[in-house]
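Chains as they are written, first to last, in the working numbering: chain A, 10 to 507; chain B, 10 to 507; chain C, 10 to 507; chain D, 10 to 507. Ideal Cβ placement from N, Cα and C applies to all residues, glycine included. Computed from a prediction, not measured in an experiment: that's the story for all the values here.
There are 4 protein chains.
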Amino acid sequence: MPDSDALWADFARPIATAEDYIASLRGRRMTVFFMGERVAEPVEHPVIFPSINAMAETYRLASERPELGGVRAPIAGVETNRFLHVPTGPADLVAKHEMQRELGRRTGTCFQRCVGLDAIGACHSVTFDIDAENGTDYHKRFLAFLAKAQTANIVIGGAMTDPKGDRSKPPHRQDDPDLFLRIVKRDAKGIYISGAKMHQTGAVNSHWLIVMPTMRMTEADKDWSFVGALRVDAPGLTYIVGRQTNDTRAVDGGALDAGNAQFAGQEAMIVFDNVFIPNEYVFMDGEWQYAATLVERFTTYHRSSYVCKTGLGDVLIGAAAEAASHNGVESVSHIKDKLVEMTHLNETIYSSCMAGAYRSKPMASGAYLNDEMLSNVAKHNVTRFPFEIARLAQDIAGGLVVTMPSEKDLQNNEIGPLIRKFLQGRSGVETVDRMRILRLIENMTIGRNAVGYLTESLHGAGSPQAQRIQIARGMDVEAKKARARKLAGVGERRRSGG
Amino acid sequence: MPDSDALWADFARPIATAEDYIASLRGRRMTVFFMGERVAEPVEHPVIFPSINAMAETYRLASERPELGGVRAPIAGVETNRFLHVPTGPADLVAKHEMQRELGRRTGTCFQRCVGLDAIGACHSVTFDIDAENGTDYHKRFLAFLAKAQTANIVIGGAMTDPKGDRSKPPHRQDDPDLFLRIVKRDAKGIYISGAKMHQTGAVNSHWLIVMPTMRMTEADKDWSFVGALRVDAPGLTYIVGRQTNDTRAVDGGALDAGNAQFAGQEAMIVFDNVFIPNEYVFMDGEWQYAATLVERFTTYHRSSYVCKTGLGDVLIGAAAEAASHNGVESVSHIKDKLVEMTHLNETIYSSCMAGAYRSKPMASGAYLNDEMLSNVAKHNVTRFPFEIARLAQDIAGGLVVTMPSEKDLQNNEIGPLIRKFLQGRSGVETVDRMRILRLIENMTIGRNAVGYLTESLHGAGSPQAQRIQIARGMDVEAKKARARKLAGVGERRRSGG
Amino acid sequence: MPDSDALWADFARPIATAEDYIASLRGRRMTVFFMGERVAEPVEHPVIFPSINAMAETYRLASERPELGGVRAPIAGVETNRFLHVPTGPADLVAKHEMQRELGRRTGTCFQRCVGLDAIGACHSVTFDIDAENGTDYHKRFLAFLAKAQTANIVIGGAMTDPKGDRSKPPHRQDDPDLFLRIVKRDAKGIYISGAKMHQTGAVNSHWLIVMPTMRMTEADKDWSFVGALRVDAPGLTYIVGRQTNDTRAVDGGALDAGNAQFAGQEAMIVFDNVFIPNEYVFMDGEWQYAATLVERFTTYHRSSYVCKTGLGDVLIGAAAEAASHNGVESVSHIKDKLVEMTHLNETIYSSCMAGAYRSKPMASGAYLNDEMLSNVAKHNVTRFPFEIARLAQDIAGGLVVTMPSEKDLQNNEIGPLIRKFLQGRSGVETVDRMRILRLIENMTIGRNAVGYLTESLHGAGSPQAQRIQIARGMDVEAKKARARKLAGVGERRRSGG
Amino acid sequence: MPDSDALWADFARPIATAEDYIASLRGRRMTVFFMGERVAEPVEHPVIFPSINAMAETYRLASERPELGGVRAPIAGVETNRFLHVPTGPADLVAKHEMQRELGRRTGTCFQRCVGLDAIGACHSVTFDIDAENGTDYHKRFLAFLAKAQTANIVIGGAMTDPKGDRSKPPHRQDDPDLFLRIVKRDAKGIYISGAKMHQTGAVNSHWLIVMPTMRMTEADKDWSFVGALRVDAPGLTYIVGRQTNDTRAVDGGALDAGNAQFAGQEAMIVFDNVFIPNEYVFMDGEWQYAATLVERFTTYHRSSYVCKTGLGDVLIGAAAEAASHNGVESVSHIKDKLVEMTHLNETIYSSCMAGAYRSKPMASGAYLNDEMLSNVAKHNVTRFPFEIARLAQDIAGGLVVTMPSEKDLQNNEIGPLIRKFLQGRSGVETVDRMRILRLIENMTIGRNAVGYLTESLHGAGSPQAQRIQIARGMDVEAKKARARKLAGVGERRRSGG
């Protein structure tokens, strides 16, 4: 069993560039499956690589625009990627959201690092609170871990969602106890865990994972109430990469049909079979009372992280405008009106996310947390507006988005010229460029990256109903009722002959 | 060059069943491409076959429920498929729409015969009107053609949409005259046409095609102003079948990942190279004044044909309810509320389509046409509500819709059991059945049949703005203003000291 | 106590015209209050008269367009007003809805006769069903009553909504038993009832009232489970006419500020104090099992009656277009687009209502009932779309709708000329006419007739949630689930290695 | 003609309290009309007083919560009301918006001081810019004026909207040159202006007015291109207070029917007849090039000021919840869901406004201006969401909102007890209190304060289309298109065989 130093041996030289990052993923002995087959080297897998490349963009951004993608992290005292930084004031959260939008613009997809970042934020304050009340030393352990991660400049993923089985039952009452990830054994050195995590964003692309409970726990759920960090290549882990819409277009041939050949998201199911976590990487162990707090803080951070979708929105608005331009109708009034509506919805999302960042408040640990109400409101808008933006993009683009011939048809000597002839738009536009833009719109509205732009916008960081519950909690209806009573004169004697 | 009898030799024995229909498609020498390759036999092509099978369902329905799928056609005096019938009263249009919804329910996709049906309806009355004014004999020709088709019980497709090139210019002013399908030669026997038609629904599955102009024409556009019928295997035709989202899942392996393995839509680009149409199949030749009428009648029929999407809506509502049931949450109030909303929207579409059928009016030829305003209103609702229904279906179904492992993973001995264990829902539900329902929801909301349920709902029978223009034309704002003036007392002397 | 003939003595000569109708309301000794004062003669009351005049329009329509507003009623065998006719086929319901839309266009408000009409329809079939099962003779009584009413051509109102008190309790468990209208005594001659009915539309304008239960009853609620007819001037009745937005503008001076000086709605609270109903006018007495059926049939009729709001929509669309014309902007693209949207929403409501009429089905009594699902869908759209239409009307009209000087200002010698000078629109428009149109828009969106166009559209015939409950009941989710399972291949052995 | 000191003589003692403020309005010789009559003393007018009282609340807030309602103004170096402060950083704008929301909560209406505040902000920077480029001394004059106003702690109103006449023509091409306020004479001492301003918020309640151009001007419009400050009681001014929905309920009797008896908005038409402004109060005179800038800065400030509507939203949400509580249904799921939806929409508006404040940027003068895109987005949401919030409030409240008897009925000995009996809600609720809450909901959704909550939300600070134009300007579609092209690979040679 490796001691702590061994776990960091690979990262002795900090990751400095996107190329370093990609290189760091090679040669790991992970058990990864996709479509029923073992993937020997994910970096080489044409379907998986675009998701790796999307995450690599977080390093490229840090290189190209260090003020946005990088940060001087006080915990380790080093320059590191902003995705490893605990926010210590509103400006940090604002910068985080600007970075997320910019990465959305650069990739047109989910770049997969926000879960880990928001897990870091939540663990920072929750470990602090547990220690303060219980005299434990989780916070110190967590800071030590984080400092190493910051120094090495690695990718940390966050794993939260359990399979859950029968949703009306808590973990300890499930027929199969593994339906929530749990501690199956403890010894002097650490804990051993089994179960699974679902929909894990960026699993195969990360270096370490933080595992966390997915919901409020009860005392009987102690063995399910823990937080820990582990290497993604720890023994006992199996990854099953999920299928995505149009995923195999990456292997169909050229780049055109993919729409966005360079970038994609990734979500996997992770199965844990008696996986060991040394004590120094255990940040909660049985303190079930804090599970709900951890989840709430994580989701408060994470719901605002959906500001990234406004970056995707920028791309889709641009693609729709470009498609209209190719058709020679960009200045037609109903087209302009639709572009304005798309922008209005996109910026409404942005404003909700940003307002929540500016109105963040410090917690006991010193970490700042987005305003909870506004973060829920922001995410709730994300569950609606991208769908309308996507509908409008398809409206502008026209039916060709879903009836266009393949790139292989274009390359065929017999029919390629026919396609070039008949799909030409306004003069001056290359047919192939027109097709590329339409494929990008397909990609984002009914193709591979619609997975991230639409469905994930519904369910990531909690489904719509989860936000409604939080909004109900925070809406302070009693104060509002008091205001109404006051203005209505309720209880006044002098009025109305009451 | 074949004489008329030769053109019908293959159909001497009427098509009676779905099997007959499928057999009738075999062995034709059509030039069909898909993904850059010549398709020797579309019936055998795994990606194309589901679209053939969807059309075959129109024959199955006629066999199983002849009162719905069949009709006694007065023109030929035979029992034939309702898709070949010219409506002679509101009841015919009502029955047509019931048939379309039922086929939507049976296939969960576009069954591709409505364009041809609506082309028949439009040609019936327009040829009558042209003859009445010009002394031509198009209507007689058309009836003779239609009687043969009804007797043979074949599939007629309708081809309308031209490439259009620069959309600000009429056909005769395009740089390339082929960007609208046109007559390149006329001789004593008939006409020769070149150009292309786009987004052709069910092209490869049909027996004959009716080609029609796509928009209002001017006198200078005479050579682009024609209607004719031709066999789909006529010399000079090339078909390029369009790519669809997730089309290749049909060849990935089993049936699960496809979501709906049996049925799909089909849209192709058709290129015409000097294709001959004998005079007896020419139903308009240069009467440019009637192009707009033809298009308007066709779209009035066709916009109501989108009632089929309520059949797809039924399937999707059912799938969402089933998914909720698998999760054990079907009776949770917000789930029920979403199912109600989906139903409300779906039935609103249905009511608009049906009202337009009940309020249909006869034209000079005796054919009945849906109420124009209501047909436009119906289609306009179709451009909106399926998107919201799809969003709600994904909301209910959960994120697994886009992160689920492949069927091949399920079949893998190592990870198959893990998937079965961790994806189990409430007790009593087979994991594989849960996955099947989720894949169906994926199929209809972000997969292959989302092409038909969403994007085609936007653009088929005219994009949203086309309906708005028609609504503007039909809204009779002057009558409404007069009502307002009357109630407001505008112009009254005795009031207001005016 | 009057015997039956005495009750009809006033109506020996049938009401033939609107003038007859208005005359018939004079001189009745009803206890009517408005704003704390006894109203001696409602016909003379300036605030109440516009509501009488709106109902009088139902007679005017019958005179001017007898094919629409009148009918030959088979029950009495006379020509009478269509508002007294039991529908005997889809065509009757279609004509009813056309009449309602036309009256909406003519009055721009609620003309208050639909509740009575729909009560007649519901009582016809429910009395038939009770008799068939119980051997009672309610149906015969009801037909006799209705024949007299048809012959006399009077107005029948329908009274349904009880105060309800604590909404979680049935009638017999209320602290105060009067919170649902109830039988307080029975004797050989009839029943005696006490309690109240709320929101009674057109109460003071009617001749007879039918009282009905408001919801499902239990056996213990027998005394609250009855139906009866009574004259509106029966002893023991007190009417309190409700306040409406801007009601007193009718007495402020001229006609301008009212916006629609001629027509308005009316809703009153009716208190019953031991009011006698002779047996021959009792149509249900204790058959609690039928209360729910009665309510459901009534609401199914009545929800479609909200087609009247499309007539109001026509007026408001016209007013908005006229206001735009006054500003010289009618052809600006965003204005046209808003008018189209208003029309689209208005016609969507219309189509839902009409489809439900065309798809009506006969009941055992021979009366036809609108399709229940579509009627609920129609009303549910009415709870949404008029609000958006009103918002768009205000958008087009401009802020002057709510900041405009009064007519009295216009009449003032000092400032009248200033208003004329500064409120002028495009040349050729009289300033006072511009003001009239703006006041009409105010009237319908935030004034007196907004009561009917907006709030009543929410709550009349049941609040939105009531429709959702009915949609849930009728949506047949099990059939939909079966369709989804079939397409998904649920339960198939050969697929997916299941 | 008064010299400068004389103009300030009344304000020698600064206004310290709400009572001071109200007293300061007494005894002024203004020409004010309402409903055709001269109003001798607006403070005593029962219809006008609630609008004065709403503005007085801005002084009460400053007294009670000086950190929110007051500020130390650097220009005058005194403590003054925040409504007189030029924002010098994001924190000022954030505080401003918090104050506005709080005043919305306190009054449930428009408190009428924002126009003046936003005029101050816009004039500060525009006068600075003019001077910088032209060597004028407008900024100095403006600062001197503002310092006096801050010291005296008076109310400044802002007057912008001209009658506009034919909207397709600029001022100098109108048939009547007075349709835009203009300089009719200049002399050594100052300028003389004639014309009118429309929809002037809080006109009669202010002490001074700043008049400004309403739109972009051309060189020929020099005489219409000016800014000046004047006392509201300057000779030559006539005020015509506009009618509002239900305005006369203030004089009907008690307080109940008014719904909100204490507070209301106010909008008036102001006619200028050769009104003199001394040079020291002229801040722009003919610099037509700056009119557009002034309007844009003003609207950017002012569109965010609509955050006040979220305060009204708080009241309305509270009133709806209270009404539900009175009915005993507050915890019913669909009621809770509607309250959540109302809150979500309300907080979305809030977040847009606040984000724009936090992202404000300094101008050359040092004043900070809200982010322009976000301010437009915020206001655009205000043109939509309050309408839906109001609809939901009415949905929860029930039809009684528009059918309830008058307070005078309640006071009537005969029917008062009947109303008390039958309108009782759940036990423990006074009927009169239930009525008060319902009247408040009426007031805000279809009564006097719906004017401010709904219609003014549409048109204040520019109608919806005005925001769309600004969003179109700011959306930087070219940058978005470039992003799309990059991701789509447009122009790449190596891809697609292009």
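Under 8 Å by Cβ, that's how I've got Thr170 of chain A and Phe151 of chain A pegged, so tell me the actual separation to the nearest angstrom.
-> Here residue 170 of chain A refers to the residue found at position 161 when the first sequence is read from its first residue. Here residue 151 of chain A refers to the residue found at position 142 when the first sequence is read from its first residue. Actually they are not in contact, since the Cβ atoms of Thr170 of chain A and Phe151 of chain A sit about 21 Å apart, beyond 8 Å.
Going by DSSP, name the residue or residues bridged to Asn288 of chain D.
-> Against the fourth sequence, residue 288 of chain D aligns to sequence position 279. Asn288 of chain D is bridged by DSSP to nothing; it lacks a bridge partner.
Between Lys231 of chain D and chain C, is there a C-beta pair that is closer than 9 Å?
-> As a working note, residue 231 of chain D is residue 222 in the fourth sequence. Not one chain C Cβ lies under 9 Å of Lys231 of chain D.
4-residue-minimum alpha helix (DSSP H) runs that sit fully inside the region 418–462 of chain A, ordered along the chain = At a cut-off of 4 residues, the continuous stretches assigned as alpha helix (DSSP H) that sit fully inside the region 418–462 of chain A are 425–431, 440–454.
Any C-beta of chain D sitting closer than 9 Å to the C-beta of Leu409 of chain A?
-> The count along the first sequence starts at 1 and reaches residue 409 of chain A at position 400. Closer than 9 Å to the CB of Leu409 of chain A there is not a single CB belonging to chain D.
Could you confirm whether any beta carbon from chain A is found closer than 9 Å to the beta carbon of Val499 of chain D?
-> Position 490 of the fourth sequence, counting from 1, holds the residue named residue 499 of chain D. With 9 Å as the cut-off, Val499 of chain D counts as an interface residue toward chain A.
Taking 8 Å as the threshold, find out whether the region 458–472 of chain B comes into contact with the region 401–410 of chain A through three or more Cβ pairs.
-> The region 401–410 of chain A and the region 458–472 of chain B touch, with three or more beta-carbon pairs separated by less than 8 Å.
Segment limits, alpha helix (DSSP H) that includes Glu296 of chain D | In the fourth sequence, the residue the question calls residue 296 of chain D occupies position 287. From DSSP, Glu296 of chain D is part of no alpha helix (DSSP H); its letter is neither H nor E.
Residue range of the unbroken beta strand (DSSP E) whose run includes Thr2 of chain C = Nothing about residue 2 of chain C can be read from this structure; chain C reaches only from 10 to 507.
Note down the Cα distance separating Ile24 of chain D from Gln275 of chain D, rounded to an integer number of angstroms.
-> Here residue 24 of chain D is taken as the residue at index 15 of the fourth sequence, counted from 1. Here residue 275 of chain D is taken as the residue at index 266 of the fourth sequence, counted from 1. Roughly 22 Å separates the two Cα atoms.
For Leu239 of chain B and chain A, any beta-carbon pair shorter than 9 Å?
-> The residue labelled residue 239 of chain B in the question sits at position 230 within the second sequence. Judged by the 9 Å Cβ criterion, Leu239 of chain B is not in contact with chain A.
Identity of the residues DSSP links to Glu88 of chain C by a beta bridge = Here residue 88 of chain C is taken as the residue at index 79 of the third sequence, counted from 1. Glu88 of chain C has C:Arg81 as its beta-bridge partners, per DSSP.
Beta-carbon separation of Gly407 of chain A and Ser374 of chain B under 9 Å?
-> As a position in the first sequence, residue 407 of chain A is number 398, starting the count at 1. As a position in the second sequence, residue 374 of chain B is number 365, starting the count at 1. No.
Residue(s) in a DSSP beta bridge with Tyr248 of chain D = Walking along the fourth sequence from the start, residue 248 of chain D turns up at place 239. Per DSSP, the beta bridge partners of Tyr248 of chain D are D:Val41, D:Ile279.
Classify Val499 of chain D as helix, strand or coil using the three-state DSSP reduction.
-> Here residue 499 of chain D refers to the residue found at position 490 of the fourth sequence. Residue state, collapsed to three classes: coil.
List the endpoints of the continuous alpha helix (DSSP H) containing Tyr349 of chain C.
-> Your numbering for residue 349 of chain C matches position 340 in the third sequence. The question names Tyr, but residue 349 of chain C in the sequence shown is Val. Note, Val349 of chain C: alpha helix (DSSP H), 342–367.
In angstroms with no decimal places, state the Cα-to-Cα distance between Ile163 of chain C and Arg122 of chain C.
-> Locating residue 163 of chain C in the third sequence gives position 154, counting from the first residue. Locating residue 122 of chain C in the third sequence gives position 113, counting from the first residue. Rounded to whole angstroms, the separation of the alpha carbons of Arg122 of chain C and Ile163 of chain C is 11 Å.
Extent of the continuous beta strand (DSSP E) to which Gly237 of chain A belongs = By one-based count along the first sequence, residue 237 of chain A stands at place 228. From DSSP, the beta strand (DSSP E) with Gly237 of chain A extends over 235–240.
In the DSSP assignment, what are the bridge partners of Gly166 of chain A?
-> The residue you call residue 166 of chain A lines up with position 157 of the first sequence. Bridge partners of Gly166 of chain A: A:Leu218.
Is there at least one Cβ from chain A nearer than 9 Å to Met484 of chain D's Cβ?
-> Mapped onto the fourth sequence, residue 484 of chain D falls at position 475. Yes, because at least one Cβ of chain A sits closer than 9 Å to the Cβ of Met484 of chain D.
How about Phe307 of chain B: is its C-beta nearer than 9 Å to some C-beta of chain A?
-> As a first step, residue 307 of chain B must be located in the second sequence, where it is residue number 298. No - not a single Cβ of chain A is within 9 Å of the one on Phe307 of chain B.
Establish whether the CB of Pro59 of chain A and some CB of chain B are separated by less than 9 Å.
-> Taking the first sequence and counting its residues from 1, one reaches residue 59 of chain A at position 50. For Pro59 of chain A, the closest Cβ of chain B is not nearer than 9 Å.
Could you tell me whether the region 123–134 of chain A touches the region 180–192 of chain A, using the rule of 3 or more Cβ pairs below 8 Å?
-> At 8 Å Cβ cutoff, the stretches do not touch.
Figure out for me which residue from A:Leu93, A:Asp256, A:Gly237, A:Ser436 has the closest Cα to the Cα of Asn288 of chain A.
-> For the purposes of this step, residue 288 of chain A is taken as residue 279 along the first sequence, with counting starting at 1. Out of A:Leu93, A:Asp256, A:Gly237, A:Ser436, A:Gly237 has the C-alpha closest to the C-alpha of Asn288 of chain A.
Are the region 330–348 of chain D and the region 94–108 of chain D in contact at 8 Å, needing three or more beta carbon pairs?
-> No: fewer than three Cβ pairs fall under 8 Å.
Where does Leu265 of chain A fall in DSSP's three states?
-> Here the question's residue 265 of chain A lines up with position 256 in the first sequence. Note: Leu265 of chain A maps to coil in three-state DSSP.
Taking Cβ positions only, does His311 of chain C come closer than 9 Å to chain B?
-> Residue numbering aside, residue 311 of chain C sits at position 302 when the third sequence is read from its first letter. By this cut-off, His311 of chain C is not an interface position.
Three or more beta-carbon pairs under 8 Å between the region 387–398 of chain C and the region 476–490 of chain C, yes or no?
-> With the cut-off at 8 Å, the region 387–398 of chain C and the region 476–490 of chain C touch.
In terms of alpha-carbon separation, which member of D:Ala333, D:Ile139, D:Cys362 lies closest to Trp297 of chain D?
-> Indexing the fourth sequence from 1 puts residue 297 of chain D at position 288. Per the Cα distances, D:Ile139.
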